[in-house]
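Residue numbers for the first sequence follow the working numbering, beginning at 43 and rising by one.
Structure first, then comments.
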Amino acid sequence: MHIQLSPLRSLNLDATLCCGQAFRWVKRGDWWYGVVGDRVLKVRQIARRLESENADLAFVEDYFGLTDDLQRILSSITKDKHIGQAVEAFRGLRILHQEPWECLISYICATYKNVPAIMQTIQRLSKSFGSLLTLDGQQFFAFPTPESLANSTVRGLEECGLGYRARYVSETARRIHETGLDLGRLRRVDREEARRELLNLPGVGPKVADCVLLFSLGKLEAFPVDVRIRRALLRHYSEHLAKELVKRVSDGRSLSSSEYEKLSRFGREYFGEYAGYAQEYLYHYERIRG
DNA sequence: CAAGTGCCTTTATC
DNA sequence: AGATAAAGGCACT
């Protein structure tokens with residue numbers, strides 16, 4: 043199966059898969075391999091041609107966010123030179139449409155870790171508690187179900203490298219499994235309400251909630267603020283922020299919740315309804331350019 | 001190569 | 001409200 047990408051429907055597959063939004067993709071040669079749901083996806087991009095194995099057109103279009111009007115989104119968020127440079131550098135980077143359960147647990151595991159460590163943790167979690175999948179004679183593992191994680195021991199989770207996050211994952215999984223909470227339902231409620239629900243779960247603070255809203259619930263205005271975005275805002279946007287706030291968040295301390303909300307609200311108000319896209323371009327640009 | 005620093009933070013406590 | 005500390009372990013320098 044292949045999709046011919048027009049300039050109006052551009053995609054930068056490498057940037058999309060290595061920018062740190064998803065943790066289950068590896069590149070071997072030209073091909074990216076990733077587990078999505080209960081299938082192993084194999085995709086590559088040759089210029090304007092996107093080829094994939096193991097998935098139909100509708101699935102690929104949805105997962106890679108090809109249904110989003112990227113032209114409109116990028117012109118909407120390009121408010122100044124700096125974001126303009128980030129957009130130019132990675133034009134075609136898209137926000138994936140991830141599965142909410144996997145996204146939620148992944149970002150609980152991601153707190154205070156670096157990306158390679160997060161990928162390793164998710165891999166170990168899947169290997170221990172997910173079902174085996176094969177493609178091209180290689181083994182992959184599906185992300186564990188809520189039931190599987192709810193029934194695993196905290197010790198077993200710790201052994202996957204979760205550390206103190208193990209009890210958060212265990213408790214959140216148990217709650218979602220036992221109540222049958224449908225995270226997908228949150229796609230249909232507004233951002234604030236969905237966020238409040240997520241914040242009730244253990245291990246979920248404002249940053250994790252905003253990531254889940256953005257990467258799996260279609261809330262494109264969500265603006266997660268991690269250390270890197272915080273640095274980017276201080277470097278390039280401090281003239282838009284209250285002096286008092288700049289002073290308070292300039293040292294290495296972790297953000298208080300009110301400081302977090304102020305920075306995140308700035309992002310939403312400044313970049314507008316697609317602020318989450320701006321966040322991802324800034325995040326990736328900051329990673330590459332420092 | 002060892003040792004120090006940092007990490008897409010959250011929670012508990014004062 | 002705001003400040004402070006602790007948390008497991010890996011990656012990078």
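All C-beta atoms in this analysis are idealised placements derived from N, C-alpha and C, irrespective of residue type, glycine included.
Just so it is clear, the structure is predicted and the values come from calculations on it, not from any experiment.
* To do: Could you say which of 174, 276, 76, 46 lies nearest to residue 309 if we only look at CA atoms?
  => Translated into the one-based positions of the first sequence, residue 309 becomes position 267. With distances taken between Cα atoms, residue 309 lies closest to 276.
* Asked: For residue 63 versus residue 138, is the C-beta distance shorter than 8 Å?
  -> The sequence position of residue 63 within the first sequence is 21, counting from 1. The sequence position of residue 138 within the first sequence is 96, counting from 1. Closer than 8 Å, so yes.
* Alpha-carbon to alpha-carbon, residue 202 and residue 170 -> Counted from its first residue, the first sequence places residue 170 at position 128. Counted from its first residue, the first sequence places residue 202 at position 160. About 8 Å.
* According to DSSP, what are the bridge partners of residue 143? -> Position 101 of the first sequence, counting from 1, holds the residue named residue 143. Answer by DSSP bridge pairing: none, since residue 143 is not bridged.
* To do: With a cut-off of 8 Å on the beta carbons, I'd call residue 97 and residue 43 a contact; round off their distance for me.
  => If you number the first sequence from 1, residue 97 lands on position 55. If you number the first sequence from 1, residue 43 lands on position 1. Confirmed, about 7 Å.
* Cβ-based burial, residue 154 [other Cβ within 10 Å; buried from 16] -> Along the first sequence, one-based indexing puts residue 154 at 112. Around the beta carbon of residue 154, a 10 Å sphere encloses fewer than 16 other beta carbons of the protein chains shown; the residue is thus reported as exposed.
* **For residue 68: DSSP bridge partner residues** => One-based indexing of the first sequence puts residue 68 at position 26. DSSP lists 75 as partners of residue 68.
* Can you grab the Cα-Cα spacing for the pair residue 95 / residue 295, in whole Å? => Start at 1 with the first residue of the first sequence, and residue 95 comes out as number 53. Start at 1 with the first residue of the first sequence, and residue 295 comes out as number 253. C-alpha separation (whole angstroms): 46 Å.
* To do: Determine the direct distance from the alpha carbon of residue 99 to that of residue 297, and round the result to whole angstroms.
  => In the first sequence, counting from the first residue as 1, residue 297 sits at position 255. In the first sequence, counting from the first residue as 1, residue 99 sits at position 57. The straight-line gap from Cα to Cα measures roughly 42 Å.
* Is DSSP giving residue 177 helix, strand or coil here? -> Taking the first residue of the first sequence as position 1, residue 177 is located at position 135. Residue 177 falls in the strand class under three-state DSSP.
* Asked: How long is the line joining the alpha carbons of residue 233 and residue 179, rounded to whole angstroms?
  -> The sequence position of residue 233 within the first sequence is 191, counting from 1. The sequence position of residue 179 within the first sequence is 137, counting from 1. Using only the alpha carbons, I get a separation of about 42 Å.
* **Beta-carbon gap between residue 76 and residue 67 smaller than 8 Å** => Stepping through the first sequence from its first residue, residue 76 is reached at position 34. Stepping through the first sequence from its first residue, residue 67 is reached at position 25. A contact, by the Cβ cut-off of 8 Å.
* With a cut-off of 8 Å, do at least 3 Cβ pairs link the stretch 208-222 to the stretch 110-123? -> no
* From which residue to which residue does the alpha helix (DSSP H) around residue 167 run? -> To locate residue 167, count along the first sequence from 1; it is residue 125. Note, residue 167: alpha helix (DSSP H), 157-171.
* **Rounded Cβ spacing between residue 225 and residue 142 (contact assumed at less than 8 Å)** => The count along the first sequence starts at 1 and reaches residue 225 at position 183. The count along the first sequence starts at 1 and reaches residue 142 at position 100. Rounded, the Cβ-Cβ distance is 4 Å, consistent with contact.
* Asked: CA-CA distance, residue 302 and residue 148?
  -> Working through the first sequence from its first residue, we reach residue 302 at position 260. Working through the first sequence from its first residue, we reach residue 148 at position 106. Taking the straight line joining both Cα atoms gives about 21 Å.
* residue 136 versus 51, 307, 246, 144, residue with shortest Cα-Cα distance -> Within the first sequence, numbered from 1, the residue matching residue 136 stands at position 94. For residue 136, the nearest C-alpha among the options comes from 51.
* **Residues of its chain near residue 129, where Cβ-Cβ distance is below 6 Å and the 5 sequence neighbours each way are ignored** => To locate residue 129, count along the first sequence from 1; it is residue 87. Listed in chain order, the non-local C-beta contacts of residue 129 below 6 Å within the same chain comprise 116, 120, 323, local neighbours out to five positions each way being set aside.
* Asked: When you compare only the Cα positions, how much space is there between residue 92 and residue 81?
  -> Numbered from its first residue, the first sequence carries residue 92 at position 50. Numbered from its first residue, the first sequence carries residue 81 at position 39. Between residue 92 and residue 81, the C-alpha separation is close to 18 Å.
* The alpha helix (DSSP H) spanning residue 21 covers which residue range? -> Residue 21 is absent from the model: the chain starts at 43 and stops at 332.
* Asked: Could you give the distance in angstroms between the alpha-carbon of residue 55 and the alpha-carbon of residue 222?
  -> Taking the first sequence and counting its residues from 1, the one referred to as residue 55 is at position 13. Taking the first sequence and counting its residues from 1, the one referred to as residue 222 is at position 180. Whole-angstrom Cα-Cα distance: 34 Å.
* DSSP puts residue 292 in a beta bridge; with which residues? -> Taking the first residue of the first sequence as position 1, residue 292 is located at position 250. Partner(s): none; residue 292 has no beta bridge.
* To do: Could you tell me which residues DSSP puts in a beta bridge with residue 330?
  => The residue labelled residue 330 in the question sits at position 288 within the first sequence. DSSP, once it has assigned bridges, lists no residue as partnering residue 330.
* To do: Kindly list the residues whose CB is nearer than 6 Å to the CB of residue 280, restricted to its own chain and excluding five residues on each side of it in sequence; keep chain order.
  => Reading the first sequence from its first residue, position 238 is the one you call residue 280. If we look at residue 280 and ignore the five residues flanking it on each side, its Cβ neighbours are 288.
* **Proximity of residue 106 and residue 53 at Cβ, strictly below 8 Å** => As a first step, residue 106 is located in the first sequence; it is residue number 64 there, counting from the start. As a first step, residue 53 is located in the first sequence; it is residue number 11 there, counting from the start. A contact, by the Cβ cut-off of 8 Å.
* Asked: What alpha helix (DSSP H) runs, 4 residues minimum, are completely inside the stretch 298-323?
  -> 299-313
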